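Participant: Under the UniProt record's numbering, the residues of the sequence shown are numbered 1 to 280, in order. By construction, the Cβ of each residue, glycine as well, lies at the ideal position given by its N, Cα and C atoms. All values derive from a computational prediction rather than experimental measurement.
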Amino acid sequence: MTGAVKSMLTLLNRPEDMGAILDWAKRLATDFEAVADAVFLKYDLSADSAILADGFGFYASDAAAREIEEASAQAEKVAREAFARAADEAPRLFGDLHVIPDGLRGGLARFTRHYDLAVAHLPEGATLIAGETLLAELLLQGGSPVFVAPRGAPGTAPLDKALVAWDASLEASRALRAALGLVKRCRSVRLCSIAEKGARAIDPDSAARYLRRHGIEAETAVLPPGDRGAGAAILEEAERAGADFIVMGAFRHSPWREQLFGGATHVVLRGAKKPLLMAH
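#1: In angstroms, rounded to a whole number, what distance separates the CA positions of aspartate 167 and isoleucine 202?
#2: What's the C-alpha gap between leucine 276 and glutamate 171?
#3: Nearest to arginine 177 by CA position, among Cys192, His214, Arg187, Ser188, is which residue?
#4: What does alanine 149 pair with, by DSSP beta-bridge criteria?
#5: Give me the Cα-Cα distance between threonine 156 and alanine 38, rounded to the nearest whole angstrom.
#6: Looking at leucine 135 and alanine 153, is the spacing between their C-beta atoms short of 8 Å?
#7: Can you give me the C-alpha to C-alpha distance between residue 283 and isoleucine 68, rounded to a whole angstrom?
#8: Could you give the DSSP three-state label for tryptophan 256: helix, strand or coil?
#9: Counting only C-beta atoms, is cysteine 186 closer than 8 Å to chain C at any point?
#10: At the level of alpha carbons, what is the spacing between alanine 232 and alanine 238?
#11: Within this structure, are the beta carbons of alanine 243 and lysine 273 separated by less than 8 Å?
#12: Can you give, in chain order, each stretch of the beta strand (DSSP E) that sits fully within the region 168-231 and has at least 3 residues?
#13: Below 6 Å CB to CB, which residues in the same chain sit around threonine 220 once its five sequence neighbours on both sides are set aside?
#14: Can you list, in chain order, the residues of its chain whose CB lies under 6 Å from that of proline 158, leaving out five sequence neighbours each side?
#15: Could you check where the alpha helix (DSSP H) with glycine 107 kicks off and where it finishes?
#16: Give a yes or no on whether the C-beta atoms belonging to threonine 112 and serine 72 are separated by under 8 Å.
#17: Taking the alpha-carbon of proline 101 as reference, which of Lys42, Arg110, Ala250 has the nearest alpha-carbon?
#18: Take glycine 181 as the anchor and find which of Ala84, Ala34, Leu223 has the nearest alpha-carbon.
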């Protein structure tokens with residue numbers, strides 16, 4: 001499969017997950033005939049302490065700060081070893097590993113702007129808030145679409161059935177265009193117009209026509225969100241349709257408002273069991 005994606009960036013975060021996300025990068029780089037770089041965020045406690053406090057829910061004592069620095073150094077070692085193994089196994093698919101010290105202060109977003117696609121794991125567990133903060137930074141400031149994989153989903157999982165969530169927003173249209181390379185190889189594509197509570201659902205026919213002109217036939221549906229909200233409707237429809245991955249726009253509202261009031265992106269990120277292709 002060929003497509004517009006030729007340069008990818010993989011976010012290496014938790015040591016126990018680095019091999020799995022590199023497997024996804026290898027799989028997508030193979031599909032797109034692309035090259036995948038990787039990035040590891042090296043924490044600078046003197047500069048990042050306030051951000052880490054917001055993200056991890058505590059203010060670090062001197063002892064805790066030393067533990068975080070030691071854990072970051074060990075995680076960097078694991079990242080370098082994992083990337084070296086991946087590059088040795090598939091030298092044509094992997095490029096360079098970059099270690100940046102200011103990722104929590106805009107460095108990650110600035111770095112991502114040179115890539116067609118970012119690849120990351122879904123945030124979860126003890127670092128949920130920090131992970132969501134990084135993902136929001138990628139989407140809102142990085143400028144590239146992001147492929148987000150659940151931590152339990154192997155890189156060999158099928159991507160044959162797509163659910164495209166459509167609301168005619170700028171974010172949804174960017175996600176749809178970004179997903180063309182993946183959607184073109186699908187055996188089935190379900191294009192669903194889903195509105196937020198109280199809003200009128202948009203007819204999906206124009207989006208279906210766009211896909212058809214790219215050689216993609218999509219089944220269309222209009223789904224009222226009811227009391228469950230658009231995010232829950234997307235997740236339920238993906239399960240009902242047996243979708244392998246979901247395509248959707250992200251953060252139509254600010255991520256902080258989404259956390260407070262439960263917007264669609266926030267709900268999907270916290271409930272997804274399938275990979276997501278998201279764009280802002």
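Facilitator: Short version:
#1: 6 Å
#2: 14 Å
#3: His214
#4: His121
#5: 19 Å
#6: no
#7: The structure shown has nothing for residue 283, since the chain only spans 1 to 280.
#8: At tryptophan 256 the pLDDT is 48, less than 50, meaning the model places this residue with poor confidence; the figure from the coordinates comes in the next sentence. Reduced to three states, the DSSP call for tryptophan 256 is helix.
#9: Any reference to chain C falls outside this structure, which holds one protein chain only.
#10: 10 Å
#11: no
#12: 188-194, 219-223
#13: When the five nearest sequence neighbours on each side are left out, the beta carbons in the same chain lying within less than 6 Å of the beta carbon of threonine 220 are those of Leu191, Pro204, Ala208, in order along the chain.
#14: Asp244
#15: 107-112
#16: no
#17: Lys42
#18: Ala34
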